[in-house]
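Enquirer: Here it is, the structure in full.
Numbering (full-length UniProt numbering), first residue to last: 1 to 622.
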């Protein structure tokens, strides 16, 4: 007779629930990367805010919003029609209360406005990146419209700082300025009832990523009689825009930046999504045809939209649309890199939390915990190292963005003057393509690290729902330019007009930060990799064929350099091991023979660095 008491649905063993830690307190990659680019004074100033956000994103209130947004997905009321068959207008799209609440929280937390905080100066974008990192995995992808809101604000700010196009008559220029200023005020507003998010409508059926295939057309019609206005009381723009956008995310936005052809070529426009007619709010020539069904990002309203006489304002000059909207893409690609890091950071936090409480009856107690199994620690350490390198890359990109915007180059790792702008031009596409791809693979590993329970949706405990994070993260390498598109863009930069200057700036930056005496083998490997990169084919078409390898090589060089710089800041043993391991993996350096149990302890320290017992636990034994 067995001595085992049969289990039942209500009796027997029940796993102690893992408790996910506040990432601001536990995530060493976040802590060390922000410390590299923020002054001690700024770190002290923003720490309470970031610590509070780290706690908020795991609170029952926020997690309830996430569940509601994921459960009550966007839909068209009446499939877009009234009961009599007429097209519905302003209130067609229905989104969840949780979605709206999360948008409001994003505004309250300054997910966008922190990036423009004058008191933070050049460091503002680094603090913003930390906020995106902490927020995104609990945002139900409201982080997407926040990114486009940031990009839209950046475009309008830049446009207001330069003279308007000569296309505008003199009497229209002040009207346009007022319309743009009021739109900017909405985008930068903390009040969720009054503030706007922005769309970014480029993708069409014919062109996809090739915007030259755009079939949307803008025609000058003038301001009209003023009987209709935007929601700010400003006249509608003098361009009438008509066409079809096949993939438009965040279609509940207050305005959009979009591309359309004029007689002068592809041009960039700002347009509000709503107008006032006879005292009633109606759509500004916009009709939502259907809501997209997607692998992930279920709460995010992505739609096919038809534009018929959407009134808008030209941004920049006619025929310069791609160059103008590229500034917006720099911002949204930065957001994507930060989100990818944040999602994987949360996934690793879940895996660590699970490993702390999961034990195995087939192993000898007390050393029978999951975090004491050498192979588990080794597997998690590999993902943690990859994530650590990518997080440094994101914060470096954020610091470059801040330095370029403010012309303040005080951060010690940031190059001075024009070199910051040149590195930003080269590395933005690299960081987005490089980091987002790693996020998908890393989250799959985190999901697997929980075993079967990791594959479950776990909607009752959304903070542990790595499956949802994995579904969502698969979009990061796709939108704002697929990996191939961004790899191609990188080659275009290297072999374009600014290519020699960008290459020279990169060489100078490496020369400064590889000049030390420590980590000699790693520094030599980085230099050798850069020397090989300098010998890449001069022919652009030939280099396109190897564009992904170009991105991976540049990403590896930047990350390896940043990890060496980090390790030398304070002599931290784990940081030093991370720098050595990364260089070995990236550049094929042969590792010295080591005792495997010593390696296991280092694996444990890398994977669980914030735990006081990391590296001191005995391994589990059969």
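Note that the Cβ used here is the ideal one computed from N, Cα and C, for glycine as well.
Does the contact criterion of 3 or more C-beta pairs under 8 Å hold for the stretch 124-139 versus the stretch 326-343?
Expert: Yes: at least three Cβ pairs fall under 8 Å.
Enquirer: By Cβ distance below 8 Å, which residues in the same chain neighbour residue 443 in space, the five residues on each side in sequence not counted?
Expert: So the qualifying residues of the chain are 343, 344, 347, 466, 469, 470 and 473.
Enquirer: Going by DSSP in three states, residue 141 sits in which element: helix, strand or coil?
Expert: Residue state, collapsed to three classes: coil.
Enquirer: What alpha helix (DSSP H) runs, 4 residues minimum, are completely inside the stretch 65-123?
Expert: Within the stretch 65-123, the complete alpha helix (DSSP H) runs of at least 4 residues are 97-108.
Enquirer: How do the stretch 221-241 and the stretch 304-315 stand: do at least 3 beta-carbon pairs fall below 8 Å, yes or no?
Expert: Counting Cβ pairs under 8 Å, three or more are found: they touch.
Enquirer: How far does the beta strand (DSSP E) with residue 309 in it extend, from its first residue to its last?
Expert: Start and end: 302-315.
Enquirer: Expressed to the nearest angstrom, what Euclidean distance is found between the alpha-carbon atoms of residue 455 and residue 293?
Expert: Using only the alpha carbons, I get a separation of about 21 Å.
Enquirer: In chain order, what residues of the same chain lie with their CB nearer than 7 Å to the CB of residue 298, ignoring the 5 residues before and after it?
Expert: 70 and 73.
Enquirer: Report the rounded CA-to-CA distance for residue 583 versus residue 245, giving the unit in angstroms.
Expert: Taking the straight line joining both Cα atoms gives about 44 Å.
Enquirer: How big is the Cα-Cα spacing for residue 50 and residue 130?
Expert: Taking the straight line from one Cα to the other gives about 8 Å.
Enquirer: From 161, 250 and 208, pick the residue whose C-alpha is nearest to that of residue 99; which is it?
Expert: Residue 99 has its Cα closest to that of 250, out of 161, 250 and 208.
Enquirer: Give every residue of the same chain whose Cβ lies closer than 7 Å to the Cβ of residue 327, excluding the five residues on either side of it in the sequence, and list them in chain order.
Expert: Here the set comprises 154, 155 and 158.
Enquirer: Between the Cα of residue 320 and the Cα atoms of 173, 301 and 264, which residue gives the shortest distance?
Expert: Cα-wise, what sits closest to residue 320 is 264.
Enquirer: One question on the structure: do residue 39 and residue 123 come within less than 8 Å of each other, judged by their Cβ atoms?
Expert: Closer than 8 Å, so yes.
Enquirer: Tell me the residue span of the beta strand (DSSP E) that contains residue 289.
Expert: Looking at the DSSP string, the run of the beta strand (DSSP E) that includes residue 289 is 286-291.
Enquirer: My understanding is that residue 495 touches residue 543, with C-beta atoms under 8 Å, so please give their C-beta distance in whole angstroms.
Expert: Confirmed, about 6 Å.
Enquirer: If we count Cβ pairs, one from each stretch, closer than 8 Å, do we get three or more for the stretch 346-360 versus the stretch 144-151?
Expert: Result no; under three Cβ-Cβ pairs closer than 8 Å.
Enquirer: Can you check which of these residues, 3, 203, 274 and 587, is closest to residue 214 by C-alpha distance?
Expert: The candidate whose alpha carbon is nearest that of residue 214 is 203.
Enquirer: Residue ranges of each beta strand (DSSP E) run of no fewer than 3 residues wholly in the stretch 153-204, ordered along the chain?
Expert: If we require 3 residues or more, the beta strand (DSSP E) runs fully inside the stretch 153-204 come out as 198-201.
Enquirer: Which residue wins for smallest C-alpha separation from residue 110, given the options 97, 255 and 143?
Expert: Nearest option by C-alpha distance: 143.
Enquirer: Consult DSSP for residue 503 and reduce its assignment to one of helix, strand or coil.
Expert: DSSP places residue 503 in helix when its eight states are reduced to three.
Enquirer: Residues in the same chain with beta-carbon distance under 7 Å from residue 56, minus the five sequence neighbours each way, listed in chain order, please.
Expert: So the list reads 62, once near-sequence residues are dropped.
Enquirer: Sort out for me which residues DSSP pairs residue 245 with in a bridge.
Expert: Per DSSP, 305.
Enquirer: Is there contact between the stretch 377-384 and the stretch 598-609, where contact requires at least three CB pairs shorter than 8 Å?
Expert: In short, these stretches touch, since the Cβ pair count reaches three.
Enquirer: Can you check whether the CB of residue 253 is closer than 8 Å to the CB of residue 216?
Expert: Cβ atoms of residue 216 and residue 253: not closer than 8 Å.
Enquirer: Return the residue from the list 7, 174, 618 and 170 that minimises the CA-CA distance to residue 367.
Expert: If we check each option's Cα against that of residue 367, 618 comes out closest.
Enquirer: Would you kindly work out how many angstroms separate the C-alpha atoms of residue 4 and residue 22, rounded to a whole number?
Expert: Near 39 Å, if we compare the C-alpha coordinates of residue 22 and residue 4.
Enquirer: Please report how far the alpha carbon of residue 260 lies from the alpha carbon of residue 267, in whole angstroms.
Expert: When rounded, the distance between both Cα atoms is 6 Å.
Enquirer: List in chain order: all unbroken alpha helix (DSSP H) runs of 4+ residues lying wholly within the stretch 559-600.
Expert: With a minimum length of 4 residues, the continuous alpha helix (DSSP H) runs that stay inside the stretch 559-600 are 573-587.
Enquirer: Can you give the Cα-Cα distance for residue 373 and residue 419, rounded to whole angstroms?
Expert: Straight-line Cα distance between these residues: approximately 46 Å.
Enquirer: In three-state terms, what does DSSP make of residue 275?
Expert: Strand.
Enquirer: Please report the straight-line C-alpha distance between residue 29 and residue 175, rounded to a whole angstrom.
Expert: When rounded, the distance between both Cα atoms is 48 Å.
Enquirer: Per DSSP, residue 262 forms a beta bridge with which residues?
Expert: In DSSP, residue 262 forms a bridge with 265.
Enquirer: If you run the structure through DSSP and keep just helix, strand and coil, what is residue 257?
Expert: Correct three-state label for residue 257: strand.
Enquirer: Within 10 angstroms of its Cβ, does residue 528 collect 16 or more other Cβ (buried), or is it exposed?
Expert: So residue 528 ends up on the exposed side.
Enquirer: Identify the residues that DSSP records as bridge partners of residue 270: which are they?
Expert: Its beta-bridge partners are 257 and 313.
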